[in-house]
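Participant: Protein chains in written order, with the numbering used here: chain A, 7 to 324; chain B, 53 to 575. Quick one: the structure is below, and I'll ask about it shortly.
Structure (structure tokens):
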């Protein structure tokens with residue numbers, strides 16, 4: 007039975023499941039590094055998911071759907087940026103409000119645009135980038151090829167984009183002007199201000215970037231994985247992404263790796279459900295797996311991680 | 053031609069005229085000290101020059117050209133650099149990253165760290181400011197961090213260096229080093245503005261002294277033309293007693309007895325390693341030492357905020373070793389804490405509430421668990437009058453008062469309680485001369501009333517001026533005892549920095565073999 011569970015597609019699914027988490031988590035990393043808590047990732051992701059499907063249904067072009075999802079993410083996160091940076095309101099309250107707003111707005115728009123709640127019509131999901139033939143029969147070489155092909159070469163574009171983004175963001179954070187200023191912003195914004203760099207601008211850019219990434223995460227969910235939009239379909243992924251960001255110690259690659267772990271938990275739980283007749287454990291326990299993992303991680307099994315010193319604190323010029 | 057000139061700068065905040073037509077000029081190669089009490093407007097003036105604040109009226113001239121400075125960026129571009137009182141350094145970042153922040157070398161947004169490191173090294177060598185470019189700020193000492201701040205200003209091309217209360221956080225040794233550095237920078241052609249309220253520093257470092265009071269310049273002088281007494285008079289506007297006169301102490305019975313006390317710090321490391329002493333009524337015993345040598349833990353164990361791991365503490369035959377803060381107050385211990393904002397006051401409470409904190413369960417403040425606002429207000433008004441607390445009423449929130457008046461509130465509460473033992477931890481930290489004088493007088497008055505006073509201070513001047521007896525603490529142990537007359541700053545400083553050797557030093561490197569303290573001569 008183990009051989010039936012441990013297959014290339016288990017790991018492929020892990021990579022797939024990790025993608026929306028990772029994109030949102032990297033967004034969270036960038037946002038929090040700038041000193042703004044972004045608890046709104048969940049809602050932003052949901053808006054991205056909806057905008058992606060809506061535009062694809064209207065135009066028939068999923069690529070336009072991706073663009074729309076990103077733009078929707080940016081637009082929603084602008085609300086968060088304005089309230090938490092310009093109005094200096096409580097960032098957790100602002101984020102929570104956006105989450106509730108996103109749930110309401112997407113449900114409302116469904117009623118208006120499609121005349122019913124629940125789930126939208128289906129679209130054709132974006133297909134995987136490569137389509138190589140492989141099978142597990144035969145010799146060693148073809149088996150290895152089968153695994154590599156199955157795990158790494160079976161994915162849709164945003165899955166690869168997420169990997170590239172993780173590496174590029176990691177590099178940029180530690181090698182570019184933007185990255186240095188970003189890291190300084192979340193620790194000691196006044197220090198940044200006194201060397202003549204705008205705190206306002208830096209934080210706005212970071213929040214909008216997190217919106218774009220969370221929007222892209224939503225696009226991955228609907229346009230590449232599910233093929234339709236269902237109300238509240240993000241189902242807590244935005245919060246798990248925040249946990250992944252913390253687990254990854256506020257670094258893009260760390261966020262990606264942590265998301266892989268959560269993605270794997272998710273993939274495993276799905277796989278185990280298939281074998282539920284043969285394993286004498288109620289399926290609800292498998293469903294709990296990613297969430298239990300989140301709690302365990304956040305409870306500090308990995309050791310206490312310390313976030314940016316000024317995160318969550320509005321900046322006021324003297 | 054002056055390098056920097058401020059003409060008739062006026063800046064008002066709601067309710068306060070922080071700068072009232074203030075003018076100053078700074079020549080090339082000159083150190084100007086801006087001297088004044090807290091709230092005199094020194095920092096406001098310099099924040100205007102650095103673009104952190106915009107003046108309501110007035111003119112700024114650089115190289116005799118009128119300029120507008122609306123942001124730090126513009127100030128930096130004009131060659132004005134500032135070392136802030138609270139460092140503008142990002143703790144988890146490296147020295148190099150902090151220094152180049154905002155002006156990173158490189159192309160297409162990619163930082164050229166090799167060049168950055170090289171430039172930091174160049175500047176640090178040129179001005180003799182040694183520092184490891186790859187060290188993280190959080191691993192550096194405060195003195196080193198300040199050095200990084202200075203390097204940052206130099207990297208940005210500062211010709212004028214504004215130092216805002218630069219010595220507030222430094223040890224005496226670091227102050228000496230800072231003065232050397234500033235002097236050598238000025239020899240290289242830079243100019244410096246030195247903001248301070250410490251008289252001895254002004255005399256030691258400045259070429260010219262500008263004294264400010266209540267938002268206006270009240271005098272200009274040079275160290276040669278005046279002395280500390282004259283400066284203090286200008287600064288406060290009346291005669292100030294710098295070193296308080298006090299009669300001989302009359303030592304009564306022992307009030308506080310500390311016997312072989314060991315105390316752990318927050319990280320569970322032993323901070324106090326077996327200390328014994330006693331304080332008698334009518335005596336001021338001072339514990340002198342460099343910050344972080346176990347003073348905090350010792351004080352906390354005496355006032356009931358931390359339990360010693362072993363040893364006993366007795367107050368007039370009563371064992372208070374395991375007393376909590378409440379039991380400690382009831383036993384007769386008062387405590388002026390070192391951090392008045394965090395422990396001395398509840399800033400969001402009004403004065404009346406702050407004045408009865410700790411006495412809020414007993415008459416007159418309360419009876420049977422019910423508080424009596426009228427009695428509290430009455431008591432508060434009495435204290436406000438007795439201790440000369442400058443406030444419109446007893447209902448003003450503590451955070452609206454100046455530092456000096458806040459400390460008066462703490463002193464009024466703790467002394468007003470009529471304790472047997474007064475524990476005063478850095479009672480004048482951050483205060484200006486007028487307020488220091490007041491606090492010192494109160495402490496002496498307690499002593500003269502036959503109370504026992506335990507003074508913990510980092511300020512040598514304060515220790516020497518107040519103490520009848522001095523214990524020097526080093527790495528959690530008492531390494532030396534002085535009776536008032538035979539102590540001087542030099543010798544005290546020697547023992548405070550471990551010169552006397554530590555009996556139980558955790559590693560051999562701390563034990564120094566020097567037996568005789570140095571005699572005279574500055575390092």
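Even for Gly, the Cβ is constructed at its ideal location relative to N, Cα and C.
Quick one: Cα of residue 307 (chain B) to Cα of residue 200 (chain B), how far?
Facilitator: Their backbone Cα atoms lie some 47 angstroms apart in a straight line.
Participant: Would you say residue 124 (chain B) reaches chain A, if we count a Cβ-Cβ gap shorter than 8 angstroms as a contact?
Facilitator: So, interface residue.
Participant: Is DSSP giving residue 70 (chain B) helix, strand or coil here?
Facilitator: Strand.
Participant: Could you pull out every unbroken alpha helix (DSSP H) segment of at least 4 residues lying fully inside the stretch 320-370 of chain B, listed in chain order?
Facilitator: Correct list: 347-354.
Participant: Which residues in the same chain as residue 218 (chain A) place their Cβ atom closer than 7 angstroms to its Cβ, once the five residues preceding and following it in sequence are excluded?
Facilitator: Hits under 7 angstroms: 76, 79 and 80.
Participant: Let me check one thing: in DSSP terms, what residues is residue 62 (chain B) bridge-paired to?
Facilitator: According to DSSP, residue 62 (chain B) bridges with B:109.
Participant: Residue 244 (chain B) lies in the beta strand (DSSP E); which residues open and close that run?
Facilitator: Taken as a continuous stretch (DSSP letters only), the beta strand (DSSP E) holding residue 244 (chain B) covers 243-248.
Participant: 8 angstroms is my cut-off, CB to CB: does residue 109 (chain A) come that close to chain B?
Facilitator: Closer than 8 angstroms: no.
Participant: What residues of chain A sit near residue 144 (chain B), judged by a beta carbon separation below 7 angstroms?
Facilitator: Residues of chain A passing the Cβ test: 193.
Participant: Mapping DSSP to helix, strand and coil, what is residue 17 (chain A)?
Facilitator: Reduced to three states, the DSSP call for residue 17 (chain A) is helix.
Participant: To the nearest angstrom, how far is it from the Cα of residue 164 (chain B) to the Cα of residue 178 (chain A)?
Facilitator: In a straight line, the C-alpha of residue 164 (chain B) is about 13 angstroms away from that of residue 178 (chain A).
Participant: Which partner residues does residue 534 (chain B) have in the DSSP bridge list?
Facilitator: In DSSP, residue 534 (chain B) forms a bridge with B:522.
Participant: Below 8 angstroms, how does it come out for the stretch 55-68 of chain A and the stretch 109-127 of chain A: are there three or more Cβ pairs, yes or no?
Facilitator: In short, these stretches touch, since the Cβ pair count reaches three.
Participant: Where does the unbroken beta strand (DSSP E) through residue 386 (chain B) begin, and where does it stop?
Facilitator: Where residue 386 (chain B) is concerned, the enclosing beta strand (DSSP E) stretches over 385-388.
Participant: Would you give the residue range spanned by the beta strand (DSSP E) that residue 312 (chain B) belongs to?
Facilitator: Counting along the chain, the beta strand (DSSP E) containing residue 312 (chain B) begins and ends at 306-316.
Participant: Is the stretch 500-519 of chain B in contact with the stretch 333-347 of chain B, if contact means three or more CB pairs nearer than 8 angstroms?
Facilitator: The answer is yes - the stretch 333-347 of chain B touches the stretch 500-519 of chain B, with three or more Cβ pairs under 8 angstroms.
Participant: Given a cut-off of 8 angstroms, decide if residue 211 (chain B) and residue 55 (chain B) are closer than it, judged by their beta-carbon atoms.
Facilitator: In this structure, residue 211 (chain B) lies closer than 8 angstroms to residue 55 (chain B) by Cβ.
Participant: Smallest Cα separation from residue 129 (chain B): which of B:119, B:404 and B:137?
Facilitator: Selected option, being the one with the closest Cα: B:119.
Participant: Would you check if the distance between the CB atom of residue 261 (chain B) and the CB atom of residue 253 (chain B) is smaller than 8 angstroms?
Facilitator: Not a contact, by the Cβ cut-off of 8 angstroms.
Participant: What residues from chain A crowd round residue 154 (chain B), counting only those whose CB sits closer than 8 angstroms?
Facilitator: In chain order: 187, 198, 201, 202 and 203.
Participant: Would you mind reading off the limits of the beta strand (DSSP E) that contains residue 117 (chain B)?
Facilitator: Counting along the chain, the beta strand (DSSP E) containing residue 117 (chain B) begins and ends at 117-119.
Participant: Give the interface partners of residue 182 (chain A) over in chain B, defined as CB-CB distance under 7 angstroms, in chain order.
Facilitator: Under the 7 angstroms cutoff, chain B gives 161, 162 and 163.
Participant: Where does residue 106 (chain B) land, buried or exposed, given buried means 16+ other C-beta within 10 angstroms?
Facilitator: Flag for residue 106 (chain B) reads exposed.
Participant: Any beta-carbon of chain B closer than 8 angstroms to the one on residue 190 (chain A)?
Facilitator: With 8 angstroms as the cut-off, residue 190 (chain A) counts as an interface residue toward chain B.
Participant: Please classify residue 412 (chain B): is it buried, with 16 or more other beta-carbons within 10 angstroms of its beta-carbon, or exposed?
Facilitator: By the 10 Å Cβ count, residue 412 (chain B) comes out exposed.
Participant: How big is the Cα-Cα spacing for residue 264 (chain A) and residue 221 (chain A)?
Facilitator: Their backbone Cα atoms lie some 20 angstroms apart in a straight line.
Participant: Indicate whether at least one CB of chain B lies closer than 8 angstroms to the CB of residue 220 (chain A).
Facilitator: It does not; no Cβ of chain B falls within 8 angstroms.
Participant: What are the residues of the stretch 111-141 of chain B that lie near chain A, defined by any Cβ-Cβ distance shorter than 9 angstroms?
Facilitator: Within the stretch 111-141 of chain B, the residues whose Cβ lies closer than 9 angstroms to some Cβ of chain A are 123, 124, 125, 126, 127, 128, 129, 134, 136, 138, 139, 140 and 141, listed in chain order.
Participant: Buried or exposed: which applies to residue 567 (chain B), given that a residue is buried once 16 or more other Cβ atoms fall within 10 Å of its Cβ?
Facilitator: Reliability of the predicted coordinates at residue 567 (chain B) is poor, the pLDDT of 38 falling under 50, and no value is obtained from them.
Participant: Taking 6 angstroms as the limit between beta carbons, can you name the residues of its chain near residue 172 (chain B), skipping five residues before and five after?
Facilitator: Around residue 172 (chain B): 148, 151 and 185.
Participant: Taking 8 angstroms as the CB-CB limit, is residue 250 (chain A) close to chain B?
Facilitator: Chain B, which has no Cβ nearer than 8 angstroms to the Cβ of residue 250 (chain A), makes this no.
Participant: What does residue 175 (chain A) reach in chain B if we use C-beta pairs closer than 9 angstroms?
Facilitator: Those within 9 angstroms of residue 175 (chain A) in chain B number zero; the least Cβ separation is about 14 angstroms.
Participant: Taking buried to mean at least 16 other C-beta atoms within 10 Å of its own C-beta, is residue 240 (chain B) buried or exposed?
Facilitator: Under this definition residue 240 (chain B) is an exposed residue.
Participant: Check whether chain A comes within 8 angstroms of residue 67 (chain B), counting only Cβ atoms and requiring the distance to be less than that.
Facilitator: By this cut-off, residue 67 (chain B) is not an interface position.
Participant: Quick one: complete alpha helix (DSSP H) runs, 4+ long, within the stretch 225-285 of chain B?
Facilitator: You should have 251-257.
Participant: Less than 8 angstroms between the beta carbons of residue 305 (chain B) and residue 520 (chain B), yes or no?
Facilitator: No, the pair does not count as a contact, with Cβ atoms beyond the cut-off.
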